[in-house]
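Asks:
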């Protein structure tokens, strides 16, 4: 696929109108005392990592309905990530998941990525599924398992994932464990926690000095009654016990439904323990929906915290931006392109917040005007801003339209014939 | 497996102690003005259907960890159900799921069931997964799909399931559809509802005159944003539109978390539209945990409504009792045996409620005493009652102990070698 | 307060800029195939009723912090509603609450309202508080109470409220009952429902032929365990039993948190039983926050359903728009002005949805494009549209700025000295 | 009221039957390998503090329905607490709330308490309501307020509450602040947290060396969008920053609905930061219902954690047991008597758990048997155990029956005429 041509072709039909819209918006922002160029600069710097598993159709326990042309291995996955990166200009890195991305030829992969202009973000370990021929099972836990042999296996796996990451240029390990219990009494909460902490410590010791480890919490699923790292409080206790290189990853769907995730983000910033994000959205559970699809205002409020922290110069503030979604009914590539746009939109709006006015209203408890200061920014139509940032990076003014026009999916459907159809987990 | 001998052997070591406990409890109940024999009679009449899928390990979208000796086809599943029935004396029927239970030899199956002393309860259709070679896909719905060809296929499948049920002696069709949407805008709510209602009508017309159809609602999963039959209100509208043979099935995990499911049960009784139950329990989502494992008091409160309705002689009150659980970390058979005990326990306690006193306290708004009337019944240790009911039916005093002592699982592990290991749906 | 002058003064400084913004937006809408003038027409027709209790500071069980200048009686409340109406051009009617609005002089009140250019919307009864000298108490219920004397009192009160409404020109009675139970066992669900239904029937019989009665449901609070009219299903059963003049009122905070209220709205439209709305927003419970303040996208999705129903010509579709908020930390008048703007914003965006495209994408299951069709409308900056609609009605371009500039609040603080300070309910 | 006589009279009619039941239960426990006497000993040691506000009827924002004979001042409140203590034998201390319990005559109060045989538990400050003549308002916060004058006032108030406690023999200060925000943007999360932490530090410095300070968290109410001390994570960060004398108080209704509060308890035990409890139960929000009334199994699971921690000898493990309920529809005294029974019931059942078996099953991941080990204990009818523990302390075998027979309430109704009727907060 000659993406440059695709993008050029797509943009050529849109650029005149875009110029008009952008000029009008820039003028409005200036009129309100903002700086459109400063926002553009920030937007152009925003980099979001794409998970390797994100370019495939996801599923639920009730089944999976894959589409045509999905990548069959990590090399093909990288091709797809490149497409997203070229279209949006904002996804230069991929986040691998081991062993889903079984890699025998690390040097080939690194070379492949280099040739596609891609790098590697945090690497993810997997101790929530058993692999063929595994000597002991993760059915009842991994890092917190009562059996030392299982814990050893899980620790060793994480250390191997670090090795993979080192070979590829990653700088962080992201750990999510499914350890927990499905019934009252199944686990001794405190002992399970102690065993998990001990395992995290062993992994932490194997971490290169310039790496970070991300601790991810989750209240439930697949464990139904309790999980060992259930909330940000536990994640914080662990990250504090481990040391400076450890911090807490916030998956937006891993907060109790309706909870105030933006405040949790603020508290982790306050504690210098915000590792970064797994972006997605949810309505009823950990739905892994497109970021911003259910409550775009909440996503904006999260970015407001990030912009405030950056502007105020909070020390060591450098969160990782990763996507973690499950594309069940949308084309995975289209969904990712849409996601990048939604994140940019939330970020751009957050950048437009009149922070001086906000601080003033907060200080004087002018509740309505403080709120309105956020709402004014949120109501701004930032589409021309995002398009302009893309244009300046040589990306597509309308990446979705460009993708659809490219014929990439149907091309890949021919190149990548699928062998099997995975069904749900009940059978 | 010679279950009679297993049970006899197991009981012989327990029966002396049991006689003591039972005598003591019976005396206590009499002392409080209750009738232990009346409770025993009801308990002995309680019949619960086991779902054919329930004898296998379930899974989540993060994987499945099956155990040894699981049944590999519907014939073996019936063997397992028989074991539960003989141990507990209370599960004489199985509820099939088509096409999970692919059946070419219906007569053989009927004969097999007869020989095991089992019958067939409601049959379940499946239009939430695609089958090999299916001409059109259920990815975007079934009974409510925008494409008439898909709706026709789904309606036709349901009619075929009725045919299977007729051949086997079932008297009800249970329909759960996964139709819905994962994103705002994906569905036109009202048109989707109209299409679904039309499809339900077509199935209803094919229903034999002595059959019933159970409409099951669910708020989410696998659809993440909306489902066509989301709550009991919609289910009720559909069942009312269809006619007398249609009623609403309550799955205890398909109510908003923390909601008052016992009141919903009461309202459906009031409206003469309670079809019956899918029993299970949940903490965070539709977890399909063992009934009574998270909130046993709630399960008791549901049975209080059932006992009240029966005692008051509500017309046409004849709910079906079915189990619908996902056994992820327990042995499926042990879990089902435990479940039957939990249901009996909730029922026995509900039968012990002093209904006259309750009515009097309710009438005079003596809140505390009305509540206490329920709590007194709930606090009663009904284990000897349940054991006695089992003993009189020739079942096991302690079915779990008997099952473990039987060596059934290890025997089946040898007889039923497993071929493959199903992993999660992400890959 | 000479509002005309205030508005004129305020607008004069904004109108030049507004003309620019409006022209630019109108051009954009036209470019996308929309009709800015059609949207303006609809916006100008939108009428929202203000509750009389809404112009005072609300409270929680932990206390109340009233501000200066709040109205001390229904006559002063109407003055405040007039201010909102003149500033926004969209709140021509007030919704009374009896007996909070104790009215001895109905003719004076009607005259007063006429002179202020205000009319009366639905009248609200109150059977959730005891009044001084009341012969029997509502502590344990009203329309569903076990004691007929209490039910009679509550029915009679509702009939008197109708009489008040008739004298003032109202055309609807809105009934919310707090009846329910705080503990399991306290209530016999079905009998309580039957008693309530009977009481509703008696009120219905007293309803003038050109009136409607709105049945409002609520899952909890003040009753903690169950409420007699808990959800839309029960409300629907009641409204259906009563007849054509009865329909279901949707308070946006009376749906389980995180539930899909827009689908409930659609189902009530489908069933021809949508009475209208109590607009507000919530995060954790029935918070009665400013509409659109927590999840503005959800409010937009509700309006999308309303616009679709109107466009499709659903018969008898004529929902009432009422506000029901509790202003605890904002100035009540400012909050109401903001609310009207938020409702207009949600409506304007819903009107901008390309309904043809949406239908096409829904029909072909192009999930992403269907969703995007909504998002494109939602992302549009409709502030100039709303301002233009206001300008054409002679209202304020920026009503909040005009209100603050007017000095109304400090003027009233002098005119309306407060006597007492209400504290919380614990003491 | 001669409680000794009341109790003697009440017990005399029950003791024969009790002896029978107790003997039978003791034999059963012994048969199962437990020690009934050990459980009795523990039960007799259990001490629960009664909040002074708990002896009055509570309310909701929709009103309050007080009953006759409620105490009108702190002296009368102590009389009521004494009644509960004599009837149950387990509530020797009262927890005051300042300034609800306005105390000019501290020496008199101490003398009064001494003469009633009562002591004082943790004292509670109140900075969520304004008092008459207060120079600045808590409307927008207290310990975290943006205005230093307000923070100073709130800090000073807490220090004064410590002084009251010192005079009365209390050993702990319990702080709950309502600080938070009702709208996005209202608060700067991190700055509000910093201000609050600074205020907590100032109070901590004033704490006597043998005192403890309890930090109470709450997710919402009265603040609707965020609270400064929203969850156990924030509470833990504060308690850790303050030092050894600070720990975290768990109110069972201040966890997200459906969340795993027993795990939170375990984590705080693990971190040596569990201060104690505010016992109650809830269904939909912070309902402050009778402990154990909605989910008695959960209350039992909390006590299982407490028993495990005590048995394992966790250092510094000494949680405070306080009740915090709102009695809206039950007689407050009866409700408190019932509550004590429910707490004893949960504790007794937790003490009956076969901890060795539990540990063994947990270690070997025998999920079902581990769960069953809890369930067996929970199903035990412990009423005779609790009655026996009461009997040995000279308290009532059936305290509710004794209370009703005593005529205490009607006596007090005459002695304590009520002046006014508090209504809800809306008006």
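Chains as they are written, first to last, in the numbering used here: chain A, 31 to 457; chain B, 31 to 457; chain C, 31 to 457; chain D, 31 to 457.
The beta-carbon is built from N, C-alpha and C at its ideal position, and this holds for glycine as well.
Remember, it's a predicted structure, so these values are computed and weren't measured experimentally.
Use the C-beta contact count for residue 32(A): other C-beta atoms within 10 angstroms, 16 or more gives buried, fewer gives exposed.
Replies: When all chains shown are included, residue 32(A) counts as exposed.
Asks: Note down, in chain order, each residue of its chain lying with its Cβ closer than 7 Å to the Cβ of residue 367(C), except the 5 sequence neighbours on either side.
Replies: Excluding positions up to five away in sequence, the list reads 114, 117, 118, 429, 430, 433.
Asks: Would you mind reading off the limits of the alpha helix (DSSP H) that contains residue 421(B)?
Replies: Note, residue 421(B): alpha helix (DSSP H), 413 to 422.
Asks: Look at the Cβ atom of residue 282(A), then the Cβ atom of residue 261(A), and state whether they are nearer than 9 Å.
Replies: Cβ distance not < 9 Å, so residue 282(A) and residue 261(A) don't count as in contact.
Asks: Please report the straight-line C-alpha distance between residue 333(C) and residue 265(B), rounded to a whole angstrom.
Replies: Looking at the two C-alpha atoms, the distance is approximately 25 Å.
Asks: So is residue 234(B) in contact with chain A if we call contact Cβ pairs under 9 Å?
Replies: No, residue 234(B) does not count as interfacial toward chain A.
Asks: List, in chain order, every chain A residue whose beta-carbon is nearer than 8 Å to that of residue 364(C).
Replies: The contacting residues are 398.
Asks: Who are the Cβ neighbours of residue 347(A) in its own chain at under 7 Å, not counting the five residues just before and after it?
Replies: Excluding sequence neighbours, residue 347(A) sits near 299, 339, 340.
Asks: Consider the Cβ of residue 88(A): report whether some Cβ of chain B lies at a distance smaller than 9 Å.
Replies: At least one chain B Cβ lies under 9 Å of residue 88(A).
Asks: What residue range is occupied by the uninterrupted alpha helix (DSSP H) comprising residue 266(D)?
Replies: Where residue 266(D) is concerned, the enclosing alpha helix (DSSP H) stretches over 262 to 272.
Asks: Can you tell me where the beta strand (DSSP E) with residue 114(D) in it begins and where it stops?
Replies: That residue, residue 114(D), is in no beta strand (DSSP E); its alpha helix (DSSP H) goes 104 to 118.
Asks: Within 9 Å (strictly less), CB to CB, does residue 54(B) reach chain D?
Replies: With 9 Å as the cut-off, residue 54(B) counts as an interface residue toward chain D.
Asks: For a contact defined as C-beta to C-beta under 8 Å, what are the partners of residue 293(D) on chain A?
Replies: In chain order: 219, 256, 260.
Asks: For residue 454(C), count the other beta carbons within 10 Å of its own beta carbon; 16 or more makes it buried, fewer makes it exposed. Which is it?
Replies: With a pLDDT of only 46 at residue 454(C), under 50, the local geometry of the prediction cannot be trusted, and no value is derived from it.
Asks: Please determine if the region 403 to 420 of chain D and the region 436 to 451 of chain C are in contact, where contact requires at least 3 C-beta pairs separated by less than 8 Å.
Replies: Flag = no, the region 403 to 420 of chain D and the region 436 to 451 of chain C do not touch.
Asks: Are the C-beta atoms of residue 121(B) and some chain D residue less than 9 Å apart?
Replies: Taking Cβ atoms only, chain D never reaches closer than 9 Å to residue 121(B), which makes this a no.
Asks: Using DSSP bridges, identify the partner residues of residue 90(C).
Replies: DSSP, once it has assigned bridges, lists 93(C) as partnering residue 90(C).
Asks: Counting pairs of Cβ atoms below 8 Å between the region 160 to 176 of chain D and the region 212 to 229 of chain D, do you hit three or more?
Replies: At 8 Å Cβ cutoff, the stretches touch.
Asks: Unbroken alpha helix (DSSP H) runs of length 4 or more, entirely within the region 258 to 333 of chain A: which are they?
Replies: Whole alpha helix (DSSP H) segments, 4+ residues: 262 to 272, 291 to 300.
Asks: For residue 293(B) and residue 288(D), I'd like the C-alpha separation in whole angstroms.
Replies: When rounded, the distance between both Cα atoms is 18 Å.
Asks: At a CB-CB cut-off below 7 Å, which residues of chain B make contact with residue 210(A)?
Replies: Within chain B, no residue comes near residue 210(A); the closest Cβ sits about 10 Å away, beyond 7 Å.
Asks: How big is the Cα-Cα spacing for residue 376(D) and residue 355(C)?
Replies: Answer to the nearest angstrom: the Cα atoms are 41 Å apart.
Asks: Can you have a look at residue 194(A) and say buried or exposed, based on whether 16 or more other CB atoms are within 10 angstroms of its CB?
Replies: Buried is the call here.
Asks: Is residue 246(A) near residue 187(A), with beta carbons less than 9 Å apart?
Replies: Contact flag unset, no.
Asks: Thinking C-beta only, is residue 379(C) closer than 9 Å to residue 330(C)?
Replies: Yes.
Asks: Given a threshold of 16 other Cβ atoms within 10 Å of its Cβ, counted over all protein chains shown, does residue 208(C) qualify as buried or as exposed?
Replies: Burial call: buried.
Asks: Flag this pair as touching only if the region 231 to 241 of chain C and the region 209 to 218 of chain C have three or more C-beta atom pairs under 8 Å; answer yes or no.
Replies: At 8 Å Cβ cutoff, the stretches do not touch.
Asks: Measuring only the C-alpha atoms, how far is residue 36(D) from residue 435(D)?
Replies: Answer to the nearest angstrom: the Cα atoms are 8 Å apart.
Asks: Between which two residues does the alpha helix (DSSP H) containing residue 386(C) stretch?
Replies: Run containing residue 386(C): 385 to 393, per the alpha helix (DSSP H) assignment.
Asks: Excluding sequence positions up to five away, which residues of its chain have a Cβ less than 8 Å from the Cβ of residue 149(C)?
Replies: Excluding positions up to five away in sequence, the list reads 122, 123, 124, 143, 199.
Asks: State yes or no: is the beta carbon of residue 454(D) nearer than 9 Å to at least one beta carbon in chain A?
Replies: With a pLDDT of only 46 at residue 454(D), under 50, the local geometry of the prediction cannot be trusted, and the value read off the model is given with reservation. No, residue 454(D) does not count as interfacial toward chain A.
Asks: Identify the residues that DSSP records as bridge partners of residue 351(D): which are they?
Replies: DSSP lists 307(D) as partners of residue 351(D).
Asks: Should residue 251(D) and residue 202(D) be called a contact, given that it needs their Cβ atoms to be closer than 9 Å?
Replies: The answer is no: Cβ separation not under 9 Å.
Asks: Applying the criterion that 16 or more other CB atoms from any shown protein chain within 10 Å of the CB defines a buried residue, is residue 60(D) buried or exposed?
Replies: Residue 60(D) should be labelled exposed.
Asks: Let's see if you can read the secondary structure: which residues bound the alpha helix (DSSP H) around residue 243(B)?
Replies: Looking at the DSSP string, residue 243(B) is not in any alpha helix (DSSP H); the run it does join, the beta strand (DSSP E), is 242 to 246.
Asks: Does residue 236(C) come out as helix, strand or coil in the three-state DSSP assignment?
Replies: Correct three-state label for residue 236(C): coil.
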